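Right, one structure below, let's go through it.
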Amino acid sequence: MSQDVPAVEAVNLVKSFGGVRALQGASLAAAAGEVHALVGENGAGKSTVIKALGGRVQPDGGEIRIGGRQVRLPAPPTAHALGAWTVFQELTLLPGMTVAENLLLAREPRTRLGLVDRRRLAANAESVLAGLGVHHIDPRALVEDIPLAERQMVEIVRAISHDPRILFLDEPTSSLVEREVVWLFGQIRRLRAKGACIVFTSHRWNEIRSIADRITVFRGGRDVGCFTELSEEDAVTLMTGQRVETFFPPLPAAPRAADHRPALEVRNLAAPRLRPVSFAVAPGEVLGIGGLAGHGHRELFLALFGAGRATGGQVLLDGKPVRLRNPREAERAGIALVPEDRKSEGLLLPMSVRDNLSLALLRRLSRAGLLRRGLERQMAGGEVQRLKVRTASLAAPVGTLSGGNQQKVLLGRWLLTDPRVLLLYDVTRGVDVATKHEIFELMMRLAGEGRAILFYSSDAEELAHLGHRVLVMREGRMAAELRAPGITAEHVVSAAVRDAA
Ligand SMILES: Nc1ncnc2c1ncn2[C@@H]1O[C@H](COP(=O)(O)OP(=O)(O)OP(=O)(O)O)[C@@H](O)[C@H]1O
Ligand SMILES: [Mg+2]
């Protein structure tokens with residue numbers, strides 16, 4: 101393949117879904133030996149272009165070229181035959197099958213009688229995984245039983261194991277934690293060194309900066325530029341058409357603990373992987389929780405939402421002890437949890453935006469005896485406007501929304517329950533910069549209204565700028581308490597990794 105012929109090209113692609121014009125003349129060209137980032141707001145058309153290049157969606161117009169030759173990709177196998185493999189944003193593994201079956205689908209080892217050789221299947225899968233440096237995933241496990249991050253890794257391993265010449269990764273890091281991202285970037289660099297072409301999407305600028313050779317920006321279904329150097333600020337301007345002035349909104353004045361009874365108080369709360377922890381959050385306070393994956397923050401959030409097993413301790417809301425044996429009790433007490441993982445928790449994709457939004461409301465709305473459809477529509481509509489959810493209508497299935505817009509529906513759903521304490525668990529994953537900004541402003545507004553907010557983020561920058569205080573967890577306990585103003589991402593990270601001497 102000649103150096104100046106792109107490995108893969110989309111030329112003026114056009115695609116509509118019903119009335120939604122997802123692509124309106126979208127072009128993209130990526131070279132062999134290059135890591136090419138595709139960035140843009142939620143709904144800009146990134147996934148649609150990747151699906152078209154992977155043979156999963158048929159464009160209404162435009163051209164696709166691979167190695168300089170125009171191709172038609174009626175289905176993924178046609179793309180595979182040309183050396184192009186895709187990791188789609190929404191996972192495609194079959195949940196009822198094992199990891200090994202998914203990994204080696206259509207290339208299973210056979211016995212002499214032509215049956216699938218189960219023993220060799222698992223062994224082969226294990227060596228595929230190990231060959232790519234993955235040792236902690238059991239090839240015999242059912243996909244539905246393994247955590248989302250592992251599913252994402254299986255999906256990536258499956259694509260990479262075909263030794264692709266062209267690899268599309270649509271938000272591959274949105275369900276991974278730090279160590280796995282390092283692993284993935286190692287694999288991407290290795291493939292690039294072998295001359296592969298890698299196209300990936302991400303909403304995290306530090307990832308783009310660290311690995312992309314070039315960046316194509318999408319806006320409203322078309323490309324608006326391709327760059328080798330681009331600052332985050334300029335990227336945001338190109339993506340949104342506006343200058344986002346201050347990325348992090350100012351914190352409302354810190355409530356003085358002495359003036360209030362805490363909205364939430366946790367005394368010696370213990371759970372598996374969680375040593376007894378104690379802390380309090382005042383009304384109007386934003387408390388950040390930091391720490392690396394596996395150091396207890398997840399267990400803390402789940403225990404507070406009644407979804408994890410607390411083995412001891414006490415939780416008080418407005419000074420009154422509450423029992424949180426299940427999420428319903430937590431919800432009734434006034435605690436809402438917005439989880440990060442919209443793919444397997446929370447969102448019912450075939451259901452409409454309106455039905456999803458009103459799920460958490462059912463109890464409130466049906467109190468009068470029957471579900472009040474009009475009120476429901478009004479509240480759902482208000483929330484869609486407040487969060488600027490991009491959807492064709494309230495009746496559209498959530499599954500047809502772009503990833504970031506699905507995330508907003510999830511957030512809106514819990515806001516409708518009017519919680520006293522809001523637990524936000526890495527809610528900005530997969531959310532574009534402009535939407536992140538809106539979510540941050542919403543957080544500040546909710547704090548200003550006197551709600552208590554406890555939030556975890558895998559992005560230390562967010563913790564540093566958005567918390568009145570940040571508690572950093574290490575090995576299941578609170579290792580450090582940082583106080584605004586003056587918290588930096590470096591403070592948060594170094595408190596999280598400092599050796600427990
Ligand atoms: N199957 C579908 N049915 C209806 N509309 C769709 C479908 N797939 C995509 N869309 C719409 O097409 C537009 C582009 O969506 P796409 O998923 O390509 O965005 P994206 O850039 O990948 O966004 P994100 O960053 O949120 O993943 C959106 O308005 C989306 O709602
Ligand atoms: Mg997408």
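Residues in the sequence shown are numbered consecutively from 101, following our numbering.
Glycine included, C-beta positions come from ideal geometry on N, C-alpha and C.
Since the structure is predicted, the reported quantities are computational estimates derived from the model, not experimental observations.
| query | result |
| --- | --- |
| Restricting to Cα atoms, I'd like to know which of Val135, Lys536, Ala407 and Met573 is closest to Leu566. | Lys536 |
| Return helix, strand or coil for Asp238, following the three-state DSSP convention. | coil |
| What three-state label does DSSP hand Val157 in the structure shown? | coil |
| Excluding sequence positions up to five away, which residues of its chain have a Cβ less than 6 Å from the Cβ of Ala583? | Note that residue 583 is Arg in the sequence shown here, rather than Ala. Result list for Arg583: Arg569, in chain order. |
| What does a CB cutoff of less than 8 Å around His235 pick up in its chain, not counting 5 residues either side in sequence? | Leu229 |
| Using a Cβ-Cβ distance under 7 Å, would Val527 count as near chain C? | The question asks about chain C, but that chain is absent: this structure has only one protein chain. |
| Helix, strand or coil: how does DSSP classify Thr92 here? | Not covered by the structure: residue 92. The range shown for the chain is 101 to 601. |
| Would the beta-carbon of Val135 fall within 7 Å of that of Ile260? | no |
| Which word fits Gly469, buried or exposed, when buried means at least 16 other C-beta atoms lie within 10 angstroms of its C-beta? | Low confidence applies here, because Gly469 scores a pLDDT of 49, under 50, leaving its location unreliable; read the following figure in that light. Answer is exposed; the Cβ neighbour count stays below 16. |
| Does ligand 1 have a heavy atom nearer than 6 Å to the CB of Ser502? | yes |
| Using 10 angstroms around the beta-carbon of Ser227, count the other beta-carbons present and answer buried if the total reaches 16, otherwise exposed. | exposed |
| Just the Cα atoms here: how many angstroms apart are Pro349 and Met544? | 8 Å |
| Using a Cβ-Cβ cut-off of 6 Å (strictly less than) and excluding sequence neighbours within five positions of Gly576, which residues of its own chain qualify? | Arg373, Leu374, Arg375 and Gly396 |
| Counting along the chain, where does the alpha helix (DSSP H) carrying Arg251 start and finish? | Leu248 to Ile260 |
| Since Val199 contacts Ile237 with CB under 8 Å, what's their CB separation in whole angstroms? | 6 Å |
| With 16 other CB atoms within 10 Å as the buried threshold, where does Pro585 fall? | exposed |
| May I ask you to report which of helix, strand or coil DSSP gives Glu109? | strand |
| What are the boundary residues of the beta strand (DSSP E) that includes Ala380? | Leu374 to Val381 |
| Can you name the start and end residues of the alpha helix (DSSP H) that Ser227 belongs to? | Arg218 to Gly231 |
| With three or more beta-carbon pairs closer than 8 Å as the criterion, would you say the region 312-322 touches the region 274-288? | no |
| Does ligand 2 have even one heavy atom less than 6 Å from the beta-carbon of Ser275? | no |
| In terms of residue numbering, what span does the alpha helix (DSSP H) encompassing Gln506 cover? | Gly503 to Leu515 |
| Taking its Cβ as the centre, do 16 or more other Cβ atoms sit within 10 Å of Glu581, making it buried, or is it exposed? | exposed |
| For a test of the three-state rule: what should DSSP assign to Arg425, helix, strand or coil? | coil |
| Please report the distance separating the alpha-carbon of Ala241 from that of Tyr525. | 27 Å |
| In terms of alpha-carbon separation, which member of Gly419, Asp418, Leu437 and Lys420 lies closest to Asn426? | Leu437 |
| Please report the straight-line C-alpha distance between Leu475 and Val453, rounded to a whole angstrom. | 15 Å |
| Short of 7 Å in beta carbon distance, which residues of its chain neighbour Ile308, apart from the five on each side in sequence? Order them along the chain. | Ala137, Val139, Ser302 and Ile315 |
| So, under 8 Å CB-CB, Val187 and Val336 are touching, yes? Tell me the CB distance rounded to an integer number of Å. | About 26 Å separates the two Cβ atoms, so there is no contact after all. |
| For Val489, which of Leu113, Glu141 and Gly119 has the nearest alpha-carbon? | Glu141 |
| Return yes when the C-beta of Thr316 is under 6 Å from any heavy atom of ligand 1, and no when it is not. | no |
| Which partner residues does Leu523 have in the DSSP bridge list? | Leu437 and Leu554 |
| Count the other CB atoms within 10 Å of the CB of Asp104; is the residue buried (16 or more) or exposed (fewer)? | exposed |
| In the DSSP assignment, find the unbroken beta strand (DSSP E) run with Glu134 in it and report its ends. | Glu134 to Gly140 |
| For a test of the three-state rule: what should DSSP assign to Val366, helix, strand or coil? | strand |
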